[in-house]
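Just so we're aligned, residue 1 is where the sequence shown starts under UniProt numbering, counting upward by one. In this text, a Cβ means the ideal position worked out from N, Cα and C, and glycines have one as well. Remember, it's a predicted structure, so these values are computed and weren't measured experimentally.
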Amino acid sequence: MPHYTQQGDLPRIPDGSRLASYMHNSKNSIIQGQVYGMGSPYASPIHTRNGIPTNPYYAHYNNDMVSTFNNSVSLPNTNGDQPSVYLPHFHSPLVSGIGNGSGSNIRSQQHSSNRDGTPSSSGKPFNQQQPQTEGTDGMYQYIELPHSGKYNGFGPIPATYFISDELKGELIRRQLAINYRLDPTSPIFNEVPQEVDKYRLLVPLDRMKIPGIDRPQQSLTEKTNTYKCFHVRDNQPYCIKRIINYKNYNPKKMQCVVENLKKLVHVNIVQLKEVLLTRAFSDNSLAMIYDYYPNAESLKSRFFSNPNMLIDNYPSKNSRNSPNIRAGGLLQESFLWNIIIQISDALRVVHGLKMGARSINLCKILIFGETRILLSNVSVHDIKNLDQNVNMEEAMREDLFSFGFLLLQLACGRVNISQQQYATALGMVGQNYSMDLKNCIQYLINYKIKNINDLMPMIGARYYMQLGHQQIKIDTLENELMKEMECSRLFRLLTKLNCITERPTCIGLNENWSETGSRYMLKLFRNYVFHQHNNAGQPWMDMAHIIGCLNKLDSGSPERIQLVSSDGKNVLIVTYEELKRCFNQSFDELVKAACEPV
Numbered sequence: 001m002p003h004y005t006q007q008g009d010l011p012r013i014p015d016g017s018r019l020a021s022y023m024h025n026s027k028n029s030i031i032q033g034q035v036y037g038m039g040s041p042y043a044s045p046i047h048t049r050n051g052i053p054t055n056p057y058y059a060h061y062n063n064d065m066v067s068t069f070n071n072s073v074s075l076p077n078t079n080g081d082q083p084s085v086y087l088p089h090f091h092s093p094l095v096s097g098i099g100n101g102s103g104s105n106i107r108s109q110q111h112s113s114n115r116d117g118t119p120s121s122s123g124k125p126f127n128q129q130q131p132q133t134e135g136t137d138g139m140y141q142y143i144e145l146p147h148s149g150k151y152n153g154f155g156p157i158p159a160t161y162f163i164s165d166e167l168k169g170e171l172i173r174r175q176l177a178i179n180y181r182l183d184p185t186s187p188i189f190n191e192v193p194q195e196v197d198k199y200r201l202l203v204p205l206d207r208m209k210i211p212g213i214d215r216p217q218q219s220l221t222e223k224t225n226t227y228k229c230f231h232v233r234d235n236q237p238y239c240i241k242r243i244i245n246y247k248n249y250n251p252k253k254m255q256c257v258v259e260n261l262k263k264l265v266h267v268n269i270v271q272l273k274e275v276l277l278t279r280a281f282s283d284n285s286l287a288m289i290y291d292y293y294p295n296a297e298s299l300k301s302r303f304f305s306n307p308n309m310l311i312d313n314y315p316s317k318n319s320r321n322s323p324n325i326r327a328g329g330l331l332q333e334s335f336l337w338n339i340i341i342q343i344s345d346a347l348r349v350v351h352g353l354k355m356g357a358r359s360i361n362l363c364k365i366l367i368f369g370e371t372r373i374l375l376s377n378v379s380v381h382d383i384k385n386l387d388q389n390v391n392m393e394e395a396m397r398e399d400l401f402s403f404g405f406l407l408l409q410l411a412c413g414r415v416n417i418s419q420q421q422y423a424t425a426l427g428m429v430g431q432n433y434s435m436d437l438k439n440c441i442q443y444l445i446n447y448k449i450k451n452i453n454d455l456m457p458m459i460g461a462r463y464y465m466q467l468g469h470q471q472i473k474i475d476t477l478e479n480e481l482m483k484e485m486e487c488s489r490l491f492r493l494l495t496k497l498n499c500i501t502e503r504p505t506c507i508g509l510n511e512n513w514s515e516t517g518s519r520y521m522l523k524l525f526r527n528y529v530f531h532q533h534n535n536a537g538q539p540w541m542d543m544a545h546i547i548g549c550l551n552k553l554d555s556g557s558p559e560r561i562q563l564v565s566s567d568g569k570n571v572l573i574v575t576y577e578e579l580k581r582c583f584n585q586s587f588d589e590l591v592k593a594a595c596e597p598v
């Protein structure tokens, strides 16, 4: 494992040699400056709390580079004061290369370079001394999975330690929707039953404004109502679709229809879990239990919320500045093909079971997130009308026509399109979109497509494009998951550390147990990690330092640090390996004391 020190400490490489040419031209040139890592032939430095070797690089920082503790990487405050601690290095162990002491790809807004090694627009030379890189070798340093949508050489640096703000905000909004409860002082609180069979905490979705989403209000006089609920056993959220005053109950036919519907397991279909006949609503109501998708909206609610039933102009409040809407208020063609691919795939499964969806319209098709399309209320028409004989061939043809009409509404940006306006609407589609999309819609509404599989040749290579987008999204989410995996590992480490340090006297442990022996060393280590300050006495907050120290503790690095008590009377020089051994022994003693009988 090579380690590099300042120029002059190592033998000079002959000019003109292949190694000299490679090291001169490589974009990952050796970063000048002292780097001591595990296995270095040079003496490992002792990182103290009182003083640090002067590094001229820090003079290049200014106040604009100082960030808050909440940022993924915080830089030191350089108002003339050198920090009185060992300065961590300024890159994330989650995205950098393996921290083996070699040069890492360090890129910042102030010190960046072009890919060929020439200076960037900031005017800083490429070979300018860079900050040292901090991290833990081996398995404790995670790097992002490579994918085609990641590289952004000169853009803003993304969050490297924690989940991205956009994804975090979306997940928080969904969690708020899941945890939403009815206010006991609300006038409709007494109208909603407390429990329906095995489901409790009902919240009406049709009439309520859920945080993060607006829904059209609906009165209880309509034939159906929708509720969110929780199962009493697994406490998972579900959705109840209630049919009011259901009178066509036939046990045998109902069982046959429900068993077929339970076979519809597809990523683009809201799955039916069970069907209940209940009097919890003071009538003979039929309750259909579905999976619950928080903040899912109908296509009509997402894109057609204005009174004229025209698609919302971009940007709009309801569409949340959606990237699926282009300038002029029309949907992106790529998004329309995305809808075609997902709905056609769902219909392929439904029709394959000799069933009709009978729910292909703007009010029944849901959109979850920005691109996920869901078919809801599949075959609810058959449940409502058990006494009627259904011609499945006709139901399938009706699904294909409804599919085409749905696409025509979305492509034209209008809800109210009469049969006499089909030709005009198709002309508008031809003016704004490709002929492939126009032909697809035309064939569907003119009943020229007899089977949903006939639509596949018209989709063509766009299917692979959709598959590629999904793979990029999977890579992105896996990278975010790796960050959270790091956070969970460090959280467990912090939990154990806080259970040990400054613990009051309790049964099974010696008096002053937490202030003696290994526990006192861990207390000083905690102060070293979290209670740093500069020479002016100001708190020094740097997430990179904290994460780096915890990673080294978890891996048992042989690097040495100096621990000093608050009064300065006790000074300990230890390695992370020794700290880890004391850490594990102390926690084992704590667990053993907790398990002993009183």
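Scanning its chain for C-beta atoms nearer than 8 angstroms, with the 5 sequence neighbours on each side dropped, one finds around LEU426 the residues LEU408, LYS438, ILE441, GLN442, in chain order. GLU297 has ILE367 as its beta-bridge partners, per DSSP. According to the DSSP assignment, THR278 belongs to the beta strand (DSSP E) that extends over 272-278. Within the stretch 412-447, the complete alpha helix (DSSP H) runs of at least 4 residues fall at 422-432, 435-445.
Counted as a single uninterrupted DSSP element, the stretch harbouring ASP291 is not any alpha helix (DSSP H) but the beta strand (DSSP E) occupying residues 285-291. About 17 angstroms separates the CB atoms of ARG233 and ALA287; that is not less than 8 angstroms, and the two are not in contact. Per DSSP, VAL192 has no beta bridge partner at all. A Cβ-Cβ contact shorter than 8 angstroms links LEU374 with ASN268.
Annotation for TYR238: TYR199, LYS228, CYS229, PHE230, HIS231, LYS273, ILE289, TYR290, ASP291, TYR292 place their beta carbon closer than 8 angstroms to its own, counting only its chain and skipping 5 residues before and after. In the structure shown, the three-state DSSP call for HIS469 is helix.
The C-beta of PHE189 has fewer than 16 other C-beta atoms within 10 Å across all chains shown, which makes the residue exposed. Under the 8 angstroms Cβ criterion, the stretch 577-597 counts as touching the stretch 508-528, having at least three qualifying pairs. Residue environment analysis places GLU559 among the buried positions, since at least 16 neighbouring C-beta atoms fall within 10 angstroms of its C-beta. Residue environment analysis places HIS531 among the exposed positions, since fewer than 16 neighbouring C-beta atoms fall within 10 angstroms of its C-beta.
Check the Cα spacing between PHE587 and each of SER557, ARG503, LYS552, GLN538: the tightest is with ARG503. When the beta-carbon positions are compared, ILE459 and ILE340 come within less than 8 angstroms of each other. The beta-bridge partner set that DSSP reports for TYR520 is empty. MET396 counts as buried, since at least 16 other C-beta atoms from the protein chains shown sit within 10 angstroms of its C-beta.
When beta bridges are read from the DSSP output, LYS228 appears opposite VAL203, CYS239. With fewer than 16 other beta carbons inside 10 angstroms of its own, ARG492 counts as exposed. With fewer than 16 other Cβ atoms inside 10 Å of its own Cβ, LEU467 counts as exposed. Note on GLY413: 16 or more other CB atoms within 10 angstroms of its CB, so buried under the neighbour-count rule. TRP337 is positioned such that its CB atom lies closer than 8 angstroms to that of ARG462. Per DSSP, reduced to three states, the secondary structure at HIS266 is coil, with no helix or strand assignment. Here TYR464 is exposed, its C-beta having fewer than 16 other C-beta atoms within 10 Å. Membership of LEU171 in the alpha helix (DSSP H) is indicated by the continuous run 165-179. Excluding the 5 residues flanking it on each side, GLN255 has no same chain C-beta neighbour closer than 8 angstroms. Here the C-alpha atom of GLN271 lies approximately 49 angstroms from the C-alpha atom of GLU596. Between the alpha carbons of LEU176 and GLN421 lies a distance of about 43 angstroms. Put simply, the backbone Cα of GLN236 is about 15 angstroms away from that of GLU195.
Taking the Cβ atoms as the reference, PHE403 lies roughly 19 angstroms from LEU330, outside the contact range of under 8 angstroms. Nearest Cα to LYS253 within the set VAL275, ASN245, LEU264: VAL275. Between the C-alpha atoms of GLY568 and PHE162 there is a straight-line separation of about 35 angstroms. In this chain, the beta strand (DSSP E) harbouring LEU375 covers 372-375. ASP197 has its alpha-carbon roughly 40 angstroms from the corresponding atom of LEU410.
Collapsing the DSSP output to three states places PRO457 in a helix.
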